[in-house]
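Colleague: My questions all concern the structure below.
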Amino acid sequence: MFIRKPTSRFILFTLVLFMLLSFLITIKASEPPQNENDDEDLEGLEELIALDEEEEKHEQEGSPSVRSSEAEVLTRAQRIVIELNNENTKRVIDGNEFVLVLGYAPWCARSAELMPQFAEAATSMKELGSPVLMAKLDADRYPKAASLLEIKGFPTLLLFVNGTSQAYTGGFSMEEIVIWARKKTGVPVTRIRSVAEAEEFLKKYHTFVTGLFKKFEGPDYEEFVKAAISDNEIQFIEVSDTDVAKVLFPAVKDTNNFIGIVKSEPERYTPYGGTFKMDKILEFLDCNKFPLVTKLTELNSARVYSSPIKLQVIVFAEADNFKNLLEPLQEVARKFKSKIMFIYIDITDENLAKPFLTLFGLEEAANTVVTAFNNRISSKFLLQSDLIPANIEEFCIQLLDGTLSPYFKSQPIPDNKDTSIQVIVGKTFDDLVLSSPKNVLLEVYTPWCINCETTSKHVQKLAKHFKGFDNLVFARIDASANEHPKLQANDYPALLFYPASDKSNPIKLSTKSSLKELAGSINKILRAKDHVTKDEL
Numbered sequence: 087m088f089i090r091k092p093t094s095r096f097i098l099f100t101l102v103l104f105m106l107l108s109f110l111i112t113i114k115a116s117e118p119p120q121n122e123n124d125d126e127d128l129e130g131l132e133e134l135i136a137l138d139e140e141e142e143k144h145e146q147e148g149s150p151s152v153r154s155s156e157a158e159v160l161t162r163a164q165r166i167v168i169e170l171n172n173e174n175t176k177r178v179i180d181g182n183e184f185v186l187v188l189g190y191a192p193w194c195a196r197s198a199e200l201m202p203q204f205a206e207a208a209t210s211m212k213e214l215g216s217p218v219l220m221a222k223l224d225a226d227r228y229p230k231a232a233s234l235l236e237i238k239g240f241p242t243l244l245l246f247v248n249g250t251s252q253a254y255t256g257g258f259s260m261e262e263i264v265i266w267a268r269k270k271t272g273v274p275v276t277r278i279r280s281v282a283e284a285e286e287f288l289k290k291y292h293t294f295v296t297g298l299f300k301k302f303e304g305p306d307y308e309e310f311v312k313a314a315i316s317d318n319e320i321q322f323i324e325v326s327d328t329d330v331a332k333v334l335f336p337a338v339k340d341t342n343n344f345i346g347i348v349k350s351e352p353e354r355y356t357p358y359g360g361t362f363k364m365d366k367i368l369e370f371l372d373c374n375k376f377p378l379v380t381k382l383t384e385l386n387s388a389r390v391y392s393s394p395i396k397l398q399v400i401v402f403a404e405a406d407n408f409k410n411l412l413e414p415l416q417e418v419a420r421k422f423k424s425k426i427m428f429i430y431i432d433i434t435d436e437n438l439a440k441p442f443l444t445l446f447g448l449e450e451a452a453n454t455v456v457t458a459f460n461n462r463i464s465s466k467f468l469l470q471s472d473l474i475p476a477n478i479e480e481f482c483i484q485l486l487d488g489t490l491s492p493y494f495k496s497q498p499i500p501d502n503k504d505t506s507i508q509v510i511v512g513k514t515f516d517d518l519v520l521s522s523p524k525n526v527l528l529e530v531y532t533p534w535c536i537n538c539e540t541t542s543k544h545v546q547k548l549a550k551h552f553k554g555f556d557n558l559v560f561a562r563i564d565a566s567a568n569e570h571p572k573l574q575a576n577d578y579p580a581l582l583f584y585p586a587s588d589k590s591n592p593i594k595l596s597t598k599s600s601l602k603e604l605a606g607s608i609n610k611i612l613r614a615k616d617h618v619t620k621d622e623l
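The numbering of the sequence shown is the numbering used here, which starts it at 87 and goes up by one.
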């Protein structure tokens, strides 16, 4: 007797049943617990906050000299920030009056730079009792939620007020995030009532505006509050007691009303001496809120570029070299305060330094470079003398009074001996084009120009065709590496004919013309000047 083998139908049935049971078990295990109401979405966050509070209490009971490491503090801060995903985003946004959302991507360097600041801001907001819920969304992992919140770039900060978003317009340090969020949620000015409060405030804030008012009323005070509401970056403090004000601003004037800005640098205190009008107060802050020398970063670049101070001196240097230069540079900067903005850029930071240095043809520079910009007239300048404080100061004086000569980049002067087409550079444009007694046909090109090659071939053939004419010179200039204030070309390639009799008004020839058409155009111009040339190729 033998055991009967299972039929294929029975095997198929068993296999299907086994797969179905496995699938149901997997689904059950992966199902999130059902919430009885929307508020339970934040239970995990509340538990983490409670845990942090317990840890903080335990630390306070121990030795006061024992402090958490920086990493532990950051870890606790990050746990305060709720993590959004495709499932909970809408409920969190709709279920809270204020939600500040950071949209990020794990691979984004700027996101990585901002996230610790955002986490620390969340801790500070919690300590201040702010109603703002801090949340973050991995927009790369959860594109559906990112689309719902209209997050398109990284990092993106958005404040949701009762479900409606508004763009973030503040700074990107912990302090600046806190200030902006509090101002946008109903706390434009913080009132300090005692010396103890003032001393505690100084431990946390380094840049702020102090307002001393005997009474928190009247037109001057109202303009102060308007300025606080309008400004998005600086913490405003109001006090009514002179002794309290002197803790925050030691040189405070004992008058009825006083305003001053405080910063964490050698030039720490700056009093306001203008009229109490919102626009004037804001103008004062715009000109005085930056340090004497501002280090440019990815996070503060937008604020720096939007500064109302249009004269800027930018120093490019390696970090170690700049340490020795900082103090003398601050002394120079102090003499031009609110008139010239001084900026430092790490010369090894390609993303920030290279775009500027390329404007001077110095993209490969490794040593310290001092430049300047007048953004009113889009002019740039280069300090070409020794980098000593006296020369930097003289450079700034000339920048301020408008006597500094603009810088135009130029390649080295080439050897044009025995060439049918002369190579023009920025330094030779005057001599070989504008001051030349001959007619000059100038080809303006760039290495990245797609259509420039065809035009170059035409110019080579034209130079050969007109070789016997002593009154006509063919030339070319690389516009990406050479500049001149009278080089009138915005599109490339460009063909400019400079008549011998009028170099100030070059004639633009069409680069779309055929070789024969270009030859005819040149002949026509020469004939108009009473020149006799050949008519055809």
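We put the beta carbon where it would ideally sit given N, CA and C, even for glycine.
The model shown is predicted, which means the values in this text are computed figures rather than measured ones.
(1) Under 7 angstroms Cβ to Cβ from glycine 249, same chain only, skipping five residues before and after it: list those, please.
(2) To the nearest angstrom, how far is it from the Cα of proline 217 to the Cα of phenylalanine 204?
(3) In this structure, what does DSSP give as the bridge partners for glutamate 450?
(4) From the DSSP output, in three-state form, read off glutamate 569 for me.
(5) Taking its Cβ as the centre, do 16 or more other Cβ atoms sit within 10 Å of isoleucine 478, making it buried, or is it exposed?
(6) Once the 5 residues before and after leucine 214 are set aside, which same chain residues still bring their CB inside 8 angstroms of it?
(7) Can you list, in chain order, the stretches of the beta strand (DSSP E) that have 3 or more residues and sit fully within the stretch 339–388?
(8) In the DSSP assignment, find the unbroken beta strand (DSSP E) run with leucine 518 in it and report its ends.
(9) Give the secondary structure of asparagine 609 by DSSP, where H, G and I count as helix, E and B as strand, and everything else as coil.
(10) I'd like to check one pair, glycine 297 with valine 275: are the Cβ atoms closer than 9 angstroms?
(11) Is threonine 454 near phenylalanine 442, with beta carbons less than 9 angstroms apart?
(12) For a test of the three-state rule: what should DSSP assign to threonine 276, helix, strand or coil?
(13) Which value, in whole angstroms, describes the spacing of the CA atoms of phenylalanine 552 and leucine 445?
(14) Kindly list the residues whose CB is nearer than 7 angstroms to the CB of lysine 312, restricted to its own chain and excluding five residues on each side of it in sequence; keep chain order.
(15) Contact check, glycine 624 vs lysine 366 under 8 angstroms by CB: the rounded distance?
(16) Is the CB-CB distance between leucine 245 and phenylalanine 184 below 9 angstroms?
(17) Using only CA atoms, which one of Pro579, Ile395, Thr505, Val273 lies nearest to serine 566?
(18) Would you tell me roughly how many angstroms separate the C-alpha atoms of phenylalanine 299 and threonine 293, rounded to the nearest one?
(19) Measure the beta-carbon distance from alanine 549 to valine 526 and round it to whole angstroms, keeping in mind my assumption that it falls under 8 angstroms.
(20) For the stretch 192–266, list the beta strand (DSSP E) runs that are entirely contained and at least 3 residues long, ordered along the chain.
(21) Could you please give the first and the last residue of the uninterrupted beta strand (DSSP E) stretch that includes threonine 457?
(22) Any beta carbon of chain C sitting closer than 9 angstroms to that of isoleucine 483?
(23) So who's on the other strand from glutamate 529, going by DSSP bridges?
(24) Under 8 angstroms: do the stretch 366–382 and the stretch 321–331 share three or more Cβ pairs, one atom per stretch?
(25) Going by the beta-carbon positions, is the gap between serine 41 and phenylalanine 481 smaller than 9 angstroms?
(26) When burial is assigned at 16 or more other CB atoms within 10 Å of the CB, is asparagine 182 buried or exposed?
(27) Would you call the stretch 277–289 and the stretch 303–312 touching, i.e. three or more CB-CB distances under 8 angstroms?
(28) Once you ignore the five residues that flank leucine 601 on each side, which residues in its own chain have a CB closer than 8 angstroms to its CB?
(29) So glutamate 479 is in the alpha helix (DSSP H); what residue range does that whole segment cover?
(30) So, is glutamate 569 buried or exposed, given that buried needs 16 or more other C-beta atoms within 10 angstroms?
(31) Go to isoleucine 323, then tell me how far its beta strand (DSSP E) extends in each direction, as first and last residue.
Modeller: Quick look at the numbers:
(1) By 1-based counting over the sequence shown, the position of residue 249 is 163. Same-chain partners within the cutoff: Ile179, Asp180.
(2) In the sequence shown, residue 217 corresponds to position 131, counting from 1. In the sequence shown, residue 204 corresponds to position 118, counting from 1. C-alpha separation (whole angstroms): 16 angstroms.
(3) Reading the sequence shown from its first residue, position 364 is the one you call residue 450. Glutamate 450 pairs with nothing; no bridge assigned.
(4) In the sequence shown, counting from the first residue as 1, residue 569 sits at position 483. Correct three-state label for glutamate 569: coil.
(5) Looking up residue 478 in the sequence shown gives position 392. Isoleucine 478 comes out buried.
(6) Against the sequence shown, residue 214 aligns to sequence position 128. In its chain, beyond the 5 residues on either side, Val264, Arg268 have a beta carbon closer than 8 angstroms to the beta carbon of leucine 214.
(7) 343–348, 355–357, 379–381
(8) Counting from one through the sequence shown, the residue named residue 518 turns up at place 432. Unbroken run through leucine 518: none, as it is neither H nor E.
(9) Here the question's residue 609 lines up with position 523 in the sequence shown. Here asparagine 609 sits in helix by DSSP.
(10) What you label residue 275 is simply residue 189 of the sequence shown in a count that begins at 1. What you label residue 297 is simply residue 211 of the sequence shown in a count that begins at 1. Their beta carbons are under 9 angstroms apart, which means valine 275 touches glycine 297 by this criterion.
(11) Residue mapping note: residue 454 aligns to position 368 of the sequence shown, counting from 1. Residue mapping note: residue 442 aligns to position 356 of the sequence shown, counting from 1. For threonine 454 and phenylalanine 442, no; Cβs fall outside 9 angstroms.
(12) As a working note, residue 276 is residue 190 in the sequence shown. Three-state result, threonine 276: strand.
(13) Reading the sequence shown from its first residue, position 466 is the one you call residue 552. Reading the sequence shown from its first residue, position 359 is the one you call residue 445. Looking at the two C-alpha atoms, the distance is approximately 36 angstroms.
(14) One-based indexing of the sequence shown puts residue 312 at position 226. Answer for lysine 312: Met364, listed in chain order.
(15) Residue 624 lies beyond the range of the chain shown here (87 to 623); nothing can be said about it.
(16) The sequence position of residue 245 within the sequence shown is 159, counting from 1. The sequence position of residue 184 within the sequence shown is 98, counting from 1. Yes.
(17) Position 480 of the sequence shown, counting from 1, holds the residue named residue 566. Ranking Pro579, Ile395, Thr505, Val273 by Cα distance to serine 566 puts Pro579 first.
(18) What you label residue 299 is simply residue 213 of the sequence shown in a count that begins at 1. What you label residue 293 is simply residue 207 of the sequence shown in a count that begins at 1. Looking at the two C-alpha atoms, the distance is approximately 20 angstroms.
(19) Position 463 of the sequence shown, counted from the first residue, corresponds to residue 549. Position 440 of the sequence shown, counted from the first residue, corresponds to residue 526. About 12 angstroms; that fails the 8 angstroms criterion.
(20) 219–224, 242–247, 250–253
(21) Counting from 1 along the sequence shown, the entry for residue 457 is found at position 371. Counting along the chain, the beta strand (DSSP E) containing threonine 457 begins and ends at 455–460.
(22) Here there is only one protein chain, and chain C is not present.
(23) Residue mapping note: residue 529 aligns to position 443 of the sequence shown, counting from 1. Its beta-bridge partners are Arg562, Leu581.
(24) no
(25) Outside the modelled stretch of the chain, which goes from 87 to 623, sits residue 41, for which no answer is possible.
(26) Against the sequence shown, residue 182 aligns to sequence position 96. By the Cβ neighbour-count rule, asparagine 182 is buried, with 16 or more other Cβ atoms within 10 Å of its own.
(27) no
(28) The residue labelled residue 601 in the question sits at position 515 within the sequence shown. Taken in chain order, the residues that qualify are His544, Lys547, Leu548, Leu623.
(29) The sequence position of residue 479 within the sequence shown is 393, counting from 1. It spans 475–487 - the alpha helix (DSSP H) in which glutamate 479 sits, taken as one unbroken run.
(30) What you label residue 569 is simply residue 483 of the sequence shown in a count that begins at 1. When all chains shown are included, glutamate 569 counts as buried.
(31) The residue given as residue 323 occupies position 237 in the sequence shown. Counting along the chain, the beta strand (DSSP E) containing isoleucine 323 begins and ends at 321–325.
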